[in-house]
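These protein sequences, in sequence, are chains A and B. Take 0 as the starting number for the first sequence in numbering that gives the first Met the number 0 and just add one per residue. Take 0 as the starting number for the second sequence in numbering that gives the first Met the number 0 and just add one per residue. Presented below is the structure to which this report refers.
2 protein chains.
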Amino acid sequence: MPANNQFDMPIAIALHGGAGTILRSEMSPEKEVQYTHALKDALHAAYQHLLDHGSALDAVEIAVTMLEDCPLFNAGKGSVFTAEGKHEMDASIMEGRNRSAGAISLVTGVKNPIRLARLVMEKSEHVFLAGSGAMEFARKMKCDFADETYFFDRFRYDQWQKIKDTQSFQLDHSVNTDQEKPKKMGTVGAVACDVQGNIAAATSTGGMTNKRWGRIGDSPVIGSGTYAHNLTCAVSCTGSGEYFLRGVVAYDVSCLIEYKNYSLAQACQEVILQRLLELGGDGGLVAVNAKGEVSMTFNTEGMYRASKSPLGETIAIYDA
Amino acid sequence: MPANNQFDMPIAIALHGGAGTILRSEMSPEKEVQYTHALKDALHAAYQHLLDHGSALDAVEIAVTMLEDCPLFNAGKGSVFTAEGKHEMDASIMEGRNRSAGAISLVTGVKNPIRLARLVMEKSEHVFLAGSGAMEFARKMKCDFADETYFFDRFRYDQWQKIKDTQSFQLDHSVNTDQEKPKKMGTVGAVACDVQGNIAAATSTGGMTNKRWGRIGDSPVIGSGTYAHNLTCAVSCTGSGEYFLRGVVAYDVSCLIEYKNYSLAQACQEVILQRLLELGGDGGLVAVNAKGEVSMTFNTEGMYRASKSPLGETIAIYDA
């Protein structure tokens, strides 16, 4: 075991950049290196914060902010285009110590949606704000805004142009055979355990290409996309959002631990490999508990993911 | 047992019009009669539908639509004023047979939000739509819209005028000592079990007086305000929405039944009388299961509620 953890309490960080059909045949070596580096940078920054006795809450915010700032992932800067050519973003964050939570949805122009979600948790009396009201709150909180050029990406724009006059929307996780490039995965997220034994979870997304009607997926929904309770686990999900909402996936993991005494790994496997599949959903999650155990579970061909604890480091894309 | 149930399968309907501090001293006999009649009308209409072999899904829609149309309750026509003087409504519906679900949030001018939620479930590929996008979907679906005069209510308007220039918002469930009239409770909802043994849940709300920033409570959130699964139960919640979101209350009832083999009553009591209180939240819920058992549980002084099954009928406001 590496000697860099000098504390009695274990620390751990795990993060994802989306799950889905990530075919090796569609992934160039250059792209793979870019994704791996982006995951590693966020992982190491958050882990260093934990090594420095920082909180799990700060660690997941650091990791998700860095993934939001990276154009490779569908969140923050890399968000996909809606049917109206906008970038509508959702995010949520939850702290396991006291189960406080913050979430925002359908926000445009906010540079780091996860920071806004945290401000909702800490500076409002609410849990969930959306739309123009949430943006008014963001301005009151002096959040950084960015203009359209910041969010513009040629590949994303072309992706949108291809389908914008149709009724279809592109589930970032689903197979799209007429597309050569690797899929931009739908969500980013992180979970962490700090030296105090506190855990936290954070999730952020740019939604689906050509999405309309103010669709909200699971990412900003406490219990479905994000959940954290020191007693059980912290979870961040990614996948076919509608199924994660109906399955209340993040809280389901917690309930199997609390009510059936499952281990973290057993609970994640039962929820993702059985219960979610039975409902028809695909995707995955990252989870930690207050003992610093980590699970990264998915029922798709791949999930951009990374984890680090005193036991070692994992950075991977495809199924093992 | 009354003989009006000619089927082997039990049927049942339960509904609520909000929970909170409903003081007898603040309730006039006339008001009490009005509330009781409104609850009874919705109850009987939905129950008759179940007697006629109608589905649980239709029954909860019938009940909630009638409560939305009644100015006494904070949903639909009776919705309270936001900080901007608007009526922003949320609703959700879920079917236990296949766990399909629909939800809408931050919708203005839609006469019956619960019908829109059902259309989201049945006519879109999504679960959760919000804001102007959800209203665009409503127009596409040819939903009935109503203008501001339909939603205007003098009492609600005065309620808003009193606090509109403050930063405060009025949680409809909390004590407000400087107010003479009975509190307008925050939410309406219904759960039902039909002759097929299918169950369903529906919830609808007008939010909080003077609410701002696009606040979303638990009512439109699957797992928190509404949940239904034939295997376990159908649940509709009402109360301090932020705590119901953090507690994932509706799904928690289901998990206690599924994972710990609790009875419906045990599960509702543990969630509302213990777990929600530990988190600091107040409110209640109505629940049924596929055996036609009913639970109406709350930790507040009262909950507008009604239930009917072959075993009998209950209509009540205060604690027993």
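Using N, Cα and C, we set each Cβ at its ideal position, and we do this for glycine too.
Against chain B, does residue i count as a neighbour if the rule is that its beta carbon must be under 8 Å from one of theirs?
i      : result
A:C254 : yes
A:E241 : yes
A:R214 : yes
A:H125 : yes
A:G222 : yes
A:Y250 : yes
A:L230 : no
A:L278 : yes
A:R98  : yes
A:R23  : no
Closest by CA to residue i, which one among the options?
i      : options                           : result
A:C236 : A:R214, A:S294 and A:H52          : A:S294
A:A45  : A:D281, A:A201, A:E241 and A:K30  : A:A201
A:I198 : A:S27, A:E60 and A:V187           : A:E60
B:L66  : B:G238, B:S78 and B:V119          : B:S78
B:A116 : B:V220, B:N229 and B:T148         : B:V220
A:S104 : A:M88, A:R96, A:K110 and A:E94    : A:M88
A:S99  : A:M302, A:N229 and A:A13          : A:N229
A:K163 : A:S27, A:P112 and A:T81           : A:T81
A:L38  : A:T64, A:R23 and A:Q265           : A:T64
B:V187 : B:A90, B:I256 and B:A264          : B:A90
A:N73  : A:S131, A:G311 and A:G206         : A:G206
A:K307 : A:N298, A:V287 and A:E300         : A:V287
A:L49  : A:Y317, A:F243, A:T165 and A:P309 : A:P309
A:G216 : A:A191, A:C232, A:G196 and A:R245 : A:R245
B:L56  : B:A18, B:R114 and B:C69           : B:R114
B:G196 : B:N97, B:V247 and B:T299          : B:N97
B:W212 : A:V234, A:L276, A:N111 and A:V119 : A:V119
B:G16  : B:A41, B:I10 and B:S27            : B:A41
A:C267 : A:L278, A:Y250 and A:G279         : A:Y250
A:Y242 : B:H125, B:E269, B:I314 and B:A129 : B:H125
A:F151 : A:G280, A:G75, A:E25 and A:M302   : A:G75
A:P9   : A:R304, A:A191 and A:R153         : A:A191
B:G301 : B:S223, B:L284, B:E312 and B:K290 : B:L284
B:Y149 : B:K110, B:K161 and B:R138         : B:K110
Let me know the secondary structure DSSP gives residue i once reduced to three states.
i      : result
B:K163 : coil
A:H228 : strand
B:L22  : coil
A:A41  : helix
B:G130 : helix
A:V194 : coil
A:A137 : helix
A:T186 : strand
B:R211 : coil
A:V285 : strand
B:T35  : helix
A:V293 : strand
B:T202 : strand
B:F151 : coil
B:H172 : Bear in mind that a pLDDT of 44 at B:H172, under 50, signals an unreliable position, so the number given afterwards is only what the model happens to contain. Coil at B:H172, not helix or strand.
Is residue i near the ligand NAP, in the sense that its beta carbon is under 7 Å from a heavy atom of that ligand?
i      : result
A:V287 : This structure lacks the ligand NAP; in fact it carries no ligand of any kind.
Please check if any C-beta of chain A sits within less than 8 Å of the C-beta of residue i.
i      : result
B:I92  : no
B:K141 : no
B:K259 : yes
B:E135 : yes
B:G132 : yes
B:L128 : yes
B:V247 : yes
B:L275 : no
B:L244 : yes
B:R155 : no
B:R138 : no
B:R304 : no
Taking DSSP's pairing of strands, which residues face residue i in a bridge?
i      : result
A:K307 : A:I12 and A:E312
A:M302 : A:A18
A:Y317 : A:G301
What residue ranges within the segment 234-279 of chain A form continuous alpha helix (DSSP H) runs of no fewer than 4 residues, ordered along the chain? With a minimum length of 4 residues, the continuous alpha helix (DSSP H) runs that stay inside the segment 234-279 of chain A are 240-246, 248-259, 263-268 and 275-278.
Entirely enclosed beta strand (DSSP E) segments - the segment 52-118 of chain B, minimum 3 residues: Within the segment 52-118 of chain B, the complete beta strand (DSSP E) runs of at least 3 residues are 88-94 and 99-106.
Residues in the segment 101-116 of chain A with C-beta within 7 Å of chain E's C-beta atoms, listed in sequence order? Annotation note: the requested chain E is absent from the structure, which comprises protein chains A and B.
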